[in-house]
């Protein structure tokens, strides 16, 4: 634990500063209240009354509740200037046939004066039937929507589980052009999430990892419904397949939700809500680049929306381009040798001048003038001089939504989207390790390029005569859903069908044909020349340049893999109020869902036959399954005080899931909410979760790759001491042949989650909201295929002997690691958050918000007989089969200001220090804490309906990413930190 770390001091100072700010604000608020009803500065230019009322609520800092059916088709007048709240509301509702009333001295309820189709809801009924919009939540909840984590519509402040919401305004203020970039700095997101910042080992996709659990433990939804996983990686939805231009908000449920949504929601749920209500035309362009002139990023967006009496239409199209950032262009990543920064030397032993290891263990380097010399400590290859750190990417997308009221009680909605992405990573030229490849390679004694007159089994050569390898990933993602929802005899119901498919292709160029290389290195009489027997001898034992163009042409091949993932579903959901209960109104929801999931991954013939060097060779994968799920959820009031200000509610849910390929699972969830007056709410819950093994984990064919592992036997201190280390292995190696595969006998991962917290919204301090939640997750039967664990256990106690192969010199030759249910985890921590909207002043509106996540402990056990390790505050790279960076503290602090046409924001992102083990040793070092500052300023010009200019800078003080000496990619934890440095951007948007 880093008890004295700079991170802890920074968090403590932040908390103290926040409380001082809140204390000052309290005095300010009370002073304002003493001066009578304040005036507010309004700037409302919305085409519909629904949108205008939401803006009114935000700009007056007043909670509001209304039915969207009453308001979404009504026009709204422009409202600009300084007005008191009541006068402003009167102008908005003029000639609308609507009125308003104050409920509980704080909530404005909008209701109809006369209704043509029956009795009208009075203000009290409106506040009961429809969720209240709280401006501090930065979100809208209207008819037909529900909060993530529940099928029951409700006020988000009256829910037993914590939900974090990123509204459209938050997305715009972040400057993020991808959802992966947006979610990267969320405090609850830690561990091995991927993005285009992962080049070597990445595939151009982006995932999210709540609580540091793998991406497969976080469920991704679009509009509350499942979508297909990525077509190749297959373990999670690719966030890059969702265009942020069409996103209205992102809701993050930080609690297990298997009882509500089924499998995969052990860590929580990320629900992406797409735009539906939009009016007019929006044309927008974005341009950004780093202060060093690279990583140029552009986005063009065109949107159109309209409404008509019984429905509406929305259409969005966007195109995104991101240029590369190369490892060599930043100091921390320019070399795999980081000793000058306090790290270690991770350069490769596959060198441009051949490294030859003789049978007696002597190591030699080929010299350019001919002959060989003994290998020195600096005879290593810096592969990072060639690699992209951030992958160039292209994305084009179109999304449309159309809704129509079929009658006053029924609404139909159809959504469709299509998206294409393309990413191209540049990798170093292919390395060859003849003694450690899947195909047996040895330079024959009579090979024309063998100067030693004996068979040479271990030659390590970086084929710099080849062009650098290029990995291109392309995807095509389509989604269609049709939903009908309505009211019938007090039941709210919806029926929907959903289809999505993700197709992906990965092409890797400039690989080596292993079978041809085997022939070219063999006996002279078996490789006499292209014109004789079609074989070209290859001088792999020479210096750089010894492999001629004819030899390159003979060996060079490309590899291609195609795959898809599809999901089809149909569901029906019902909900109703439980009236006449002793303690008040309750709610009931139930539903049935059917899904069909399928996946396939097809390598070309060379990759499938394990006959290439430089790419991942694997066998084809194919699988599908059917799932039927039934759930029930209820909210039951247990106790209600006579005054109605205090209450106790029980929330319960149960889901039965039946899978065609591995069995059934039943998962309950219980929650309690204690309301202690209008200001304080206590909440807590228990949930049983599960994660069905993915189709890839079940049916994936065998695959092999050169994995980045640490072999304990390379350390001199372990040779002859550890049972599995009879002699010291070659310390210059850090990549080892690893073979993995699926397991159709896998069982589901299971979990138990507990949470307890509070929400404080003081009535006497309008605009203030404080939250705190403590949580714990216990996970059993974790699916694991850890080659690193097998290597460690074999070295330390001799176990897994059938999975480890070493040569006569003690060098690790091969590791086999198939998926098994073997691991356990226990994670405990806390989330804190606050927001405060200051009273309006003549110089503008000011608000401050912050949230943070604390990991108390992260206990991981790879095997029931293995040691339990606390990963809190540590970093172990995913390339070494670790869970990535698990900082003890991660937080955000944001300041917002708005005055008439001006708006500005200032955000601070902080990640605490972490510990890591230096590769090839047992020494530990600290990865420094990291704090970055983002600024944004925007102005709306009076051109047409509003020309908006936004300028921003991320990482304003150009804080470099801290060194992570054990990281495989660019010497940093690219999933936690950011290599790009200071980044400028501008955005221009015009609404018509």
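In the numbering used here, the protein residues as written are 76 to 1067. Even for Gly, the Cβ is constructed at its ideal location relative to N, Cα and C.
Task: Inter-residue spacing [alpha-carbon to alpha-carbon] between residue 138 and residue 162 - done: 16 Å
TODO: Specify, as a first and last residue, the run of the alpha helix (DSSP H) that residue 678 falls within.
DONE: Note, residue 678: premise wrong, no alpha helix (DSSP H); beta strand (DSSP E) at 659–678.
Open item on the list: What would DSSP say about residue 124, mapped onto helix, strand or coil?
Closed with: helix
Task: Straight-line gap, residue 493 to residue 472 (C-alpha atoms, nearest Å) - done: 6 Å
TODO: Assign residue 877 to buried or exposed, taking buried as 16 or more other Cβ atoms, counted over all protein chains shown, within 10 Å of its Cβ.
DONE: exposed
Task: Burial state of residue 190, where buried means 16 or more other Cβ atoms lie within 10 Å - done: exposed
Open item on the list: Need the endpoints of the alpha helix (DSSP H) that residue 863 sits in, please.
Closed with: 862–872
Task: Pairwise C-alpha distance: residue 632 and residue 924 - done: 54 Å
TODO: State the beta-bridge partners of residue 359 as determined by DSSP.
DONE: 376 and 1064
Open item on the list: Mapping the DSSP letters down to three states, classify residue 300 as helix, strand or coil.
Closed with: strand
Task: According to DSSP, residues forming a beta bridge with residue 967 - done: 926 and 984
Open item on the list: Suppose contacts are defined by Cβ-Cβ distances below 8 Å. Is residue 424 in contact with residue 458 by that definition?
Closed with: no
Open item on the list: Ignoring anything shorter than 4 residues, give me the alpha helix (DSSP H) runs that lie fully in the region 464–517, in order along the chain.
Closed with: none
Task: For residue 905, the first and last residue of its enclosing alpha helix (DSSP H) - done: Premise fails: residue 905 lies in the beta strand (DSSP E), 895–912, not in any alpha helix (DSSP H).
- [ ] Indicate whether residue 992 and residue 1011 have their beta-carbon atoms separated by less than 8 Å.
- [x] no
TODO: Using beta-carbon positions only, say whether residue 433 and residue 527 come within less than 8 Å of one another.
DONE: yes
Task: Residue nearest to residue 500 in terms of C-alpha spacing, selected from 482, 544, 198 and 651 - done: 544
Open item on the list: So, under 8 Å CB-CB, residue 1064 and residue 359 are touching, yes? Tell me the CB distance rounded to an integer number of Å.
Closed with: 4 Å
- [ ] For residue 99, collect the residues of the same chain with a Cβ closer than 6 Å to its Cβ; drop the 5 residues on either side in sequence, then sort them by chain order.
- [x] Low per-residue confidence applies at residue 99: pLDDT is 40, beneath 50, and the placement is therefore not dependable, though the value from the model is reported in the following sentence. Around residue 99: no qualifying Cβ.
TODO: Pull up the DSSP beta-bridge partners for residue 610, would you.
DONE: 604
- [ ] With DSSP as the reference, please indicate the residues paired to residue 846 in a beta bridge.
- [x] 834 and 908
Task: Spatial neighbours of residue 1047 in its chain, beta-carbon cut-off 8 Å, leaving aside the 5 residues before and after - done: 407, 408, 1036, 1037, 1038, 1039 and 1054
Task: Runs of beta strand (DSSP E) lying entirely within the region 975–1056, each at least 3 residues, in chain order - done: 977–986, 989–992, 999–1002, 1005–1016 and 1022–1029
- [ ] Return the chain-ordered list of same chain residues with a C-beta closer than 6 Å to the C-beta of residue 928, the five sequence neighbours on each side being excluded.
- [x] 262, 263, 906 and 965
TODO: Name the one or two DSSP bridge partners that residue 423 has.
DONE: 456
TODO: Figure out for me which residue from 647, 671, 657 and 774 has the closest Cα to the Cα of residue 722.
DONE: 657
TODO: Within 10 angstroms of the Cβ of residue 563, are there 16 or more other Cβ atoms? Answer buried if so, exposed if not.
DONE: exposed
Task: Distance, residue 822 Cα to residue 855 Cα - done: 11 Å
- [ ] Please state whether DSSP places residue 405 in a helix, a strand or coil.
- [x] coil
Task: Spatial distance of residue 1058 from residue 245 (CA atoms) - done: 18 Å
TODO: Evaluate contact between the region 583–600 and the region 659–673, counting only Cβ atoms and requiring at least three cross-stretch pairs below 8 Å.
DONE: no
Open item on the list: Please state the DSSP three-state secondary structure of residue 99.
Closed with: In this prediction, residue 99 scores a pLDDT of 40, lower than 50, which makes its location untrustworthy; no coordinate-derived value is stated.
Task: Check whether residue 176 and residue 184 have beta carbons under 8 Å apart - done: yes
Open item on the list: Out of 689, 172, 601 and 880, which one is the CA nearest neighbour of residue 505?
Closed with: 689
- [ ] Please list, in chain order, all residues of the same chain as residue 350 whose beta carbon is under 6 Å from its beta carbon, the five residues on each side excluded.
- [x] 321, 323 and 389
TODO: With DSSP collapsed to three states, give me the class of residue 771.
DONE: helix
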